[in-house]
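In the numbering used here, the protein residues as written are 1 to 637.
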């Protein structure tokens with residue numbers, strides 16, 4: 001069995017009946033326990049087999065290593081001297097108590113570069129009220145305060161004993177208050193928000209949409225190592241608060257600047273590929289004008305990609321041609337606004353995009369063979385190098401592995417060519433249909449033939465083709481469906497040593513927008529949207545019509561005909577059935593809104609109470625990002 005594949009225990013013949021349960025989805029273990037509740041041996045065997053099956057999809061546990069505690073600069077040296085951050089199993093004594101999972105921004109140079117890059121857009125906040133959660137060592141907090149010159153600056157820092165000496169240059173300023181509480185506990189945060197003398201909550205019964213409130217600015221540091229699922233939960237709650245008009249958003253549309261680990265956003269509110277587009281990403285698309293990653297690790301960082309796509313079922317990064325064009329479009333936006341990336345902060349894709357002189361070679365200009373990352377590329381390169389240097393001979397295990405990977409690479413290249421042909425054929429069929437020069441019968445026959453070709457692919461190839469198709473579909477819309485592809489800033493490349501501990505983090509710039517009133521002031525519409533997203537994303541590769549029927553039997557018959565954008569290519573839809581039908585993960589913002597509107601307008605829709613009873617049995621949130629907590633929930637770090 002090739003490396004990277006989960007290794008199963010060596011079952012004896014009498015245990016062959018276990019395999020269907022072990023290889024089935026997660027209910028397998030519960031099912032086995034219900035059948036054999038008293039057989040501890042069988043239960044242990046099943047649990048062991050399931051752990052082995054999931055071994056390749058489980059993220060390794062993060063541990064703080066000595067190499068991650070290199071101090072670069074005065075602030076980092078002072079933090080290190082506290083011994084709050086110690087290598088795993090170190091016996092060094094702390095000089096002060098504090099949370100050891102916190103990651104602090106320590107580079108003044110990084111903050112200076114961010115000011116030059118983002119500073120002009122922050123001028124509209126001069127003289128605002130600044131809410132600062134988890135300021136930590138205060139390097140970023142001082143820079144932001146210098147830029148916006150707040151009339152009031154509230155620092156909510158639970159580790160006040162540890163960070164008070166670092167924050168003294170700030171707390172000595174007029175209008176600055178240090179609150180020794182966690183802003184991640186709603187009761188403490190609400191107490192602070194209610195004491196803002198210059199802010200007035202909006203009337204929730206008002207029919208007027210919320211507008212930007214530039215007199216209030218929020219910054220938060222949610223960077224932790226080891227990472228915690230609580231971060232993605234809190235991010236989701238911050239975004240969902242926009243629709244609920246709660247927390248900061250009760251005062252209008254309040255801008256937020258948030259430091260966070262890149263791993264926490266790539267499968268959360270700012271994905272770069274359709275297969276990691278979760279519930280929180282859709283919520284963000286409906287509620288945010290933009291989410292820019294102002295600074296962060298290069299998107300092609302190998303460790304970052306391995307963390308995002310650690311599960312084999314997620315595939316890998318999307319077509320390289322799409323990523324390059326996305327960077328090229330962002331570069332054009334920067335040039336139009338006269339914004340320059342500080343020297344040394346360019347990402348790999350931005351450097352490559354700057355060399356493009358002919359836009360006709362970009363991915364959207366013509367169908368190209370998808371250029372996909374190979375999960376075994378590094379291993380293959382190492383084996384090729386070893387063979388060239390005669391480190392092993394023909395017939396050796398290493399040579400056999402080399403041949404196998406060569407064959408796999410050639411086979412995947414051949415399949416990628418076939419995917420490009422299928423994409424081009426469907427695009428040609430779409431053009432033919434739009435031209436009006438072909439009869440419906442001719443189009444139907446061509447469409448059936450195309451569906452037959454896709455069906456002839458193996459199950460794995462169909463899955464890969466669907467992934468490529470959906471990523472192209474989301475990108476080639478106007479505007480693109482993903483917030484990442486609509487970004488107006490390319491992230492400034494950061495270095496781990498600019499943080500302490502040395503963990504590269506990202507700065508998000510989040511500007512909320514007024515959501516569709518149907519999802520805010522209309523109570524049923526808001527609840528229906530939450531339920532539709534939760535249920536339909538459980539199997540997001542299934543056609544929309546089938547997933548809506550899972551919400552309520554025969555609902556598609558009453559809802560889909562009133563969702564015209566699903567069939568309109570100009571609005572992100574597709575025509576035809578079978579493999580051409582739009583699936584849930586490929587729905588854009590307008591289509592989600594249209595589905596909710598059609599549901600609410602459906603005369604035979606079930607009463608809300610009855611609909612909830614239908615889904616009461618399954619309370620699990622299958623989004624995978626810890627997003628089950630709503631904006632009104634309670635959160636304690």
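Just so you know, even glycine gets a beta-carbon here, dropped at the ideal spot from N, CA and C.
Residue i burial status per 10 Å Cβ neighbour count (16 or more: buried)
i, result
"residue 63", "exposed"
"residue 81", "exposed"
"residue 377", "exposed"
"residue 394", "exposed"
"residue 227", "buried"
"residue 328", "buried"
"residue 129", "buried"
"residue 577", "exposed"
"residue 441", "exposed"
"residue 338", "exposed"
"residue 456", "exposed"
"residue 382", "exposed"
"residue 561", "exposed"
"residue 414", "exposed"
"residue 68", "buried"
"residue 459", "exposed"
"residue 469", "buried"
"residue 428", "exposed"
"residue 124", "exposed"
"residue 37", "Any reading at residue 37 is ruled out, since the residue's pLDDT is 43, under 50, leaving its predicted position unreliable."
"residue 355", "exposed"
"residue 483", "buried"
"residue 655", "Beyond the ends of the chain as shown, which are 1 and 637, falls residue 655; an answer cannot be given."
"residue 272", "buried"
Contacts around residue i, its chain only, beta-carbon distance under 6 angstroms, and the 5 residues preceding and following it disregarded
i, result
"residue 465", "419"
"residue 579", "451 and 454"
"residue 58", "Unreliable placement is indicated for residue 58, whose pLDDT of 49 sits below 50; the coordinate value is still reported in the next sentence. Answer for residue 58: no residue qualifies."
"residue 516", "593"
"residue 256", "218 and 510"
"residue 330", "487 and 490"
"residue 623", "Because residue 623 carries a pLDDT of 40, less than 50, the predicted location of this residue cannot be relied on, and the following value inherits that uncertainty. So the list reads 278 and 279, once near-sequence residues are dropped."
"residue 84", "94, 98 and 100"
"residue 126", "148 and 149"
"residue 588", "481 and 572"
"residue 526", "519"
Beta-carbon proximity list for residue i, same chain, < 8 angstroms, skipping 5 on both sides
i, result
"residue 200", "251"
"residue 88", "63, 64 and 65"
"residue 581", "543, 544, 545 and 574"
"residue 384", "402"
Residues near residue i by beta carbon distance below 7 angstroms, same chain, minus five either side
i, result
"residue 425", "450"
"residue 225", "62, 64, 101, 103, 501 and 503"
"residue 533", "279 and 282"
"residue 528", "596, 599 and 600"
First through last residue of the beta strand (DSSP E) which encompasses residue i
i, result
"residue 130", "129-133"
"residue 560", "Per DSSP, residue 560 belongs to no beta strand (DSSP E) and is neither H nor E."
"residue 361", "From DSSP, residue 361 is part of no beta strand (DSSP E); its letter is neither H nor E."
"residue 511", "505-512"
Cβ separation of residue i and residue j, assumed to be a contact under 8 angstroms, to the nearest whole Å
i, j, result
"residue 291", "residue 270", "5 angstroms"
"residue 652", "residue 509", "With the chain running from 1 to 637 in the structure shown, residue 652 is simply not present."
"residue 615", "residue 531", "7 angstroms"
"residue 254", "residue 512", "7 angstroms"
"residue 232", "residue 268", "5 angstroms"
"residue 596", "residue 537", "Residue 596 to residue 537, Cβ: 14 angstroms. No contact."
"residue 171", "residue 178", "5 angstroms"
"residue 265", "residue 540", "About 19 angstroms separates the two Cβ atoms, so there is no contact after all."
"residue 122", "residue 141", "Not quite, the Cβ-Cβ distance comes to about 14 angstroms (not below 8 angstroms), so this is no contact."
"residue 471", "residue 322", "6 angstroms"
"residue 645", "residue 204", "With the chain represented from 1 up to 637, any question about residue 645 goes unanswered, as that position is not in the structure."
"residue 343", "residue 110", "The pair is not a contact, with the Cβ atoms about 13 angstroms apart (cut-off 8 angstroms)."
Delimiting residues of the alpha helix (DSSP H) encompassing residue i
i, result
"residue 400", "397-435"
"residue 494", "Counting along the chain, residue 494 falls outside any alpha helix (DSSP H), and DSSP gives it neither H nor E."
"residue 301", "Note, residue 301: premise wrong, no alpha helix (DSSP H); not H, not E."
"residue 465", "459-475"
"residue 376", "Here residue 376 belongs to no alpha helix (DSSP H), and DSSP marks it neither H nor E."
"residue 456", "Residue 456 -> no alpha helix (DSSP H), and no H or E assigned at all."
Residue i beta carbon near the ligand MN (any heavy atom closer than 6 angstroms)
i, result
"residue 216", "The ligand MN is absent from the structure shown, which contains no ligand whatsoever."
Review point. Enumerated in chain order, which unbroken segments of the alpha helix (DSSP H) with a length of 4 residues or greater are wholly contained in the segment 221-292?
Key: Complete alpha helix (DSSP H) runs here, min 4: 229-244, 262-266 and 279-287.
Review point. Along the chain, which unbroken stretches of the alpha helix (DSSP H) at least 4 residues long are found entirely within the segment 312-348?
Key: Whole alpha helix (DSSP H) segments, 4+ residues: 320-336.
Exercise for review: Only counting runs of 3 or more residues, tell me where the beta strand (DSSP E) segments fall wholly within the segment 114-163, in order along the chain.
Suggested key: You should have 129-133 and 152-156.
Review point. Can you list, in chain order, the stretches of the alpha helix (DSSP H) that have 4 or more residues and sit fully within the segment 519-553?
Key: You should have 523-536 and 544-551.
Practice item. Entirely within the segment 173-220 and at least 3 residues each: give me those beta strand (DSSP E) ranges in chain order. Key: Counting whole runs of 3 or more residues, the segment 173-220 contains the beta strand (DSSP E) stretches 176-179.
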